[in-house]
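Residue numbers for the sequence shown follow the UniProt record's numbering, so the first one is 1 and each next one is one higher. Since the structure comes first, as structure tokens, the remarks are kept for the end.
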Amino acid sequence: MVYRRSIAIGVLFLVLSGLLSALIFRLSLGDKYVSMAAFIDRRVGGSFFKDQMTKSHAPNFTFLFCHHRNLNDNLITYIHPKAFYGLHNIRDIRLVGNPLKYLSSHTFLSNQYLEALSLGYTPLQIHSSLLRHLNVSYLNLTGIPFGSIDFESINVMTNLKYIIYDRFYYCSMTPYVRMCRPISDGLSTFHDLLSKPVLRYSVWIMAFITITGNIMVLWGRFTYRDENVAVAMVIRNLAFADLLMGFYLLTIGILDYSYRDEYHRVALDWITSWQCVAVGILAVSSSEVSLLILAFMSLERFLLIADPFRSHHRISSKTILITLIIIWIMGIVLAVAPVILWQSSTKYYGTYSGICFPLHIQEPYPLGWQYSAFLFLGINLSLLLIITLLYIALLVSIWRTRKATPLALLEYELAVKFFFIVLADILCWAPIIAMKIWVFFNYNISNDIYAWLVVFVLPLNSAINPLLYTFTTPKYRNQILSHNWKNIISRRREKSSRDTNTATGSSNLGSVQKFT
């Protein structure tokens, strides 16, 4: 009997405790703040929150004995500034996925033992007043746009050890946080500008090929006289533009080597520096001038070969010189324009990547996305289409008239050679333009693809162009080889003559000594 009475009392106590908890919990969800901390069973599910928090403002909920509160995806639109008041023991608060637009600076003021705060995928502005009083070691800001985060306030949070962003380049803005996710963008990591050994070696190899090849082109074109002065002038300018890309790759390789294993310490200073802007301007100027020159070469070849009987189609050297000057001005202006448009910021070239080239393919709408779209999808795509159409028309014209027209063999060689130059340029820019278009359709570009675009595809035509328009020319190749052989032969002759003179002098001296 005593045993049954004890069981009945226990059941009654549990029922009354549950009713009391539910009553207090309901009171805590009222429109007015309840100063008395609620006691709630942690078995209450998220569905109850979703039912209660679809109103114009969220209720007050304070749970005295909770160490963590998971309020993810509960359609909370407003939280009372004192909703968490009195929760001194709470360690973890999760508000991910709620349409919260504002949090008061007093919301977490009394939560002195709060260790983890998750605010991801909310339309919040992460401002200094909100973070000022936080002492958390874990902060989740996944899905919050770059412009909505006050990174300077995060940098002064001395206890913060782990932070999660939506994009890797956000980590560069908070270099003092020990652990940052995501850990890489395929190109860089928290510790290295170039994360993988294959990327490091490839940058040096591409830089060496680009610089060496284009320097040889410039040396050859300035050393040897060419009867076609106009073509030589165009190729020299194209080689110089490609040479700038080699210097850009060399700079990236040197920076990676200099900051190996400690890139996070200088990442913020580097990507926000005007040196990064200068490197970006160098690369963009190189790529734009190269593409503009190739478009001009295509037009010149078309006018010359498509109708060879009209000599006035051959452009004069003066006209070509003026055109090249205009092309260089256009290329430099296109590279410098975003610096002028965003004078108070270096974020167009920096911030989004430590390589300082504004591909902007990791998210569709970063700072300056309009200009990036204008540059790649407007100008560059138009130039590629023009080049392609001109060469299709050129090849059709050659195919139709190759028997009836006394076209010089040299003109055929030039047409074929320039065709492969343009093909290499299309192979360089077509993947980049395709990725830019896919980003605007909300396709995620993988980190590995991004890395390969930057290291291999972008400088591809700058490295290959010397092989196509100079080293494949028989006359230039023969001149190089003959020049080298002449130097070798002349050096050997000089050495042999010096040895002969030395031997003769020695024998004469020996004869004199004998006679004396």
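Even glycine gets a Cβ: it sits at the ideal position worked out from N, Cα and C. Source: prediction; values computed, not measured.
For residue i, the first and last residue of its enclosing alpha helix (DSSP H)
| i | result |
| --- | --- |
| residue 239 | 229-258 |
| residue 163 | Here residue 163 belongs to no alpha helix (DSSP H); instead the beta strand (DSSP E) covers 162-164. |
| residue 173 | Here residue 173 belongs to no alpha helix (DSSP H), and DSSP marks it neither H nor E. |
| residue 207 | 197-223 |
| residue 154 | 151-155 |
| residue 271 | 263-271 |
| residue 450 | 447-452 |
| residue 373 | 369-373 |
| residue 134 | Premise fails: residue 134 is in no alpha helix (DSSP H) and is neither H nor E. |
Exposed unless 16 or more other CB atoms sit within 10 angstroms - verdict on residue i
| i | result |
| --- | --- |
| residue 202 | buried |
| residue 252 | buried |
| residue 221 | buried |
| residue 523 | With the chain covering only 1 through 516, there is no way to say anything about residue 523. |
| residue 436 | buried |
| residue 279 | buried |
| residue 389 | exposed |
| residue 429 | buried |
| residue 366 | buried |
| residue 393 | exposed |
| residue 185 | buried |
| residue 246 | buried |
| residue 224 | exposed |
| residue 347 | buried |
| residue 198 | exposed |
| residue 93 | buried |
| residue 396 | exposed |
| residue 441 | exposed |
| residue 444 | exposed |
| residue 13 | Unreliable placement is indicated for residue 13, whose pLDDT of 49 sits below 50; no coordinate value is reported for it. |
| residue 464 | buried |
| residue 111 | buried |
Integer-rounded CB distance, given that residue j should sit under 8 Å from residue i
| i | j | result |
| --- | --- | --- |
| residue 193 | residue 263 | 5 Å |
| residue 119 | residue 135 | Contact doesn't hold; Cβ gap of about 16 Å is too wide. |
| residue 211 | residue 250 | 7 Å |
| residue 432 | residue 458 | 7 Å |
| residue 117 | residue 139 | 6 Å |
| residue 79 | residue 107 | 6 Å |
| residue 386 | residue 295 | 6 Å |
| residue 353 | residue 169 | 6 Å |
| residue 84 | residue 76 | The pair is not a contact, with the Cβ atoms about 13 Å apart (cut-off 8 Å). |
| residue 362 | residue 167 | 6 Å |
| residue 286 | residue 153 | Not a contact, Cβ separation roughly 38 Å. |
| residue 315 | residue 300 | 6 Å |
| residue 205 | residue 305 | Not a contact, Cβ separation roughly 36 Å. |
Contacts around residue i, its chain only, beta-carbon distance under 8 Å, and the 5 residues preceding and following it disregarded
| i | result |
| --- | --- |
| residue 240 | 214, 218 |
| residue 369 | 360 |
| residue 137 | 115, 116, 159, 160, 161, 162 |
| residue 449 | 186, 435 |
Residues near residue i by beta carbon distance below 7 Å, same chain, minus five either side
| i | result |
| --- | --- |
| residue 289 | 241, 327, 328, 331 |
| residue 151 | 173, 174 |
| residue 320 | 230, 233, 234 |
| residue 142 | 120, 121, 164, 165, 166 |
| residue 183 | 189, 190 |
| residue 376 | 432, 433, 436 |
| residue 420 | 468 |
| residue 276 | 270, 346, 349, 350, 356 |
Residue i, enclosing beta strand (DSSP E) - first and last residue
| i | result |
| --- | --- |
| residue 326 | Run containing residue 326: none in the beta strand (DSSP E); it sits in the alpha helix (DSSP H), 317-341. |
| residue 117 | 116-118 |
| residue 139 | 138-140 |
| residue 301 | Where residue 301 is concerned, there is no enclosing beta strand (DSSP E), although the alpha helix (DSSP H) it sits in stretches over 274-305. |
| residue 92 | 92-94 |
Neighbourhood of residue i by C-beta, 6 Å cutoff - its chain only, sequence neighbours within 5 removed
| i | result |
| --- | --- |
| residue 466 | 213, 214, 217 |
| residue 283 | 248, 357 |
| residue 324 | 237 |
| residue 99 | 77 |
| residue 318 | none |
| residue 127 | 150 |
| residue 109 | 133 |
| residue 97 | 72, 73, 121 |
Within-9 Å CB hit, residue i to chain C
| i | result |
| --- | --- |
| residue 220 | This model lacks chain C altogether, as it is built from one protein chain only. |
Would you be able to state if there are at least three C-beta pairs under 8 Å between the stretch 331-343 and the stretch 256-272? no
Indicate whether the contact test is met: 3 or more Cβ pairs, each with one atom in the stretch 176-195 and one in the stretch 423-430, closer than 8 Å. no
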